[in-house]
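Take 820 as the starting number for the sequence shown in this note's numbering and just add one per residue.
Virtual Cβ for every residue (Gly too), placed ideally from N, Cα, C.
In this text, all values refer to a predicted model and were calculated from it rather than measured experimentally.
Contents: one structure, followed by commentary.
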Amino acid sequence: MKKLLPAMGSLLLLAACQNTGTEDATAVPATTMPAVLNYTITNVYPHNTGSYTEGLEWHDSTLYESTGHEGKSKLARVSLTTGKDIKKIDLPKEYFGEGITVFNGKIYQLTYEHGKCFVYDFKTFNKIREFSYEGEGWGMTNDGKYLINNNRSNNLYFRDPETFQVVKTVAVTDNNGPLVNINEMEYVDGFIYANVWLTNKIVKIDPATGKVVAQADFSYVLDKYAPGAISAESQASDEVLNGIAYDSVGKRFFITGKHWPKLFEVKFQ
């Protein structure tokens, strides 16, 4: 084999010399900007400004919310029309609540830096069990088969709901490359709608490929419907859009943000 290497090297060198710049230029395909995801705001509801929203769900005609910050984290069943808690449980003071999802009669709730996922009975909020995992917990949803979570990176982790073990990982990308800081998520009709931390943007992701296919800009919404409620500085630091729920019967989304005074009913076009 060693005797063949010089000859092989000569052939490779010849091939390289014959290669043209035109071939190199066409080797990398052009990336496509995500489509604009247009929407209409169809209703505006009150939202508890004490809620640092990390997870939002609509199930059985009722809204559910998970909030963050140590000592202030909770899981609550919320009145859509008043924004007040109908039923709630507070997390132990050391935990920072994160994303939630409802699956098979249970509510799964992530925690930020403690590597714990709490599992509750959907009706009673009684804790059934807990899972441990590595890394941070951010947003969570499910596709009817797997739980899906993220952790600040651009990865989506598909997990077995019985063991919480990772079954597969999908990397999310847009026209600029890896899209990090994916936060609260909702799985709807084969796509994942996700907030992006420190923006007022929602992206629509194909979970099979991880590609962002569309995005919506909600930057103006709070100032239009609640002018002056949250300063520009606070919005820029952390009080941004975070919370997506979907009503499959009414075909409508609900969105809100951290400490936002309003919750919006939205229809994407």
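Membership of residue 1041 in the alpha helix (DSSP H) is indicated by the continuous run 1040-1044. Burial check for residue 912: the Cβ neighbour count within 10 Å stays below 16, so the residue is exposed. The C-beta separation of residue 1074 from residue 1059 comes to about 11 Å, leaving the pair out of contact by the 8 Å criterion. Contact between residue 1023 and residue 1012 holds: their C-beta atoms lie close to 6 Å from each other, under 8 Å. Here DSSP, grouped into helix, strand and coil, assigns residue 889 to coil. Under DSSP, residue 941 forms no beta bridge with any residue. Of all alpha-carbon atoms in 898, 865, 858, 960, the one lying nearest the alpha-carbon of residue 1044 is that of 865. Judged by DSSP secondary structure, residue 1048 falls outside any beta strand (DSSP E); it is assigned neither H nor E.
When the beta-carbon positions are compared, residue 1004 and residue 954 stay at least 8 Å from each other.
Residue 994 counts as exposed, since fewer than 16 other beta carbons sit within 10 angstroms of its beta carbon.
Less than 8 Å separates the beta-carbon of residue 961 from that of residue 920. Taken through DSSP and simplified to helix, strand or coil, residue 1055 comes out as helix. Excluding residues up to 5 positions away in sequence, 938, 939, 940, 941, 947 lie with their Cβ nearer than 7 Å to the Cβ of residue 925 in the same chain.
When beta bridges are read from the DSSP output, residue 877 appears opposite 882. In the DSSP assignment, residue 918 falls within the beta strand (DSSP E) that extends over 916-922. For the pair residue 874 and residue 917, the CB atoms are nearer than the 8 Å cut-off. In the DSSP assignment, residue 929 forms a beta bridge with 936. Under a 10 Å Cβ-count criterion, residue 1052 is classified as exposed, with fewer than 16 other Cβ atoms of the shown protein chains found around its own Cβ. Collapsing the DSSP output to three states places residue 965 in coil. Rounded to whole angstroms, residue 936 and residue 988 show a C-alpha spacing of 18 Å. Proximity to residue 1081 across 965, 862, 850 peaks at 862, based on C-alpha coordinates.
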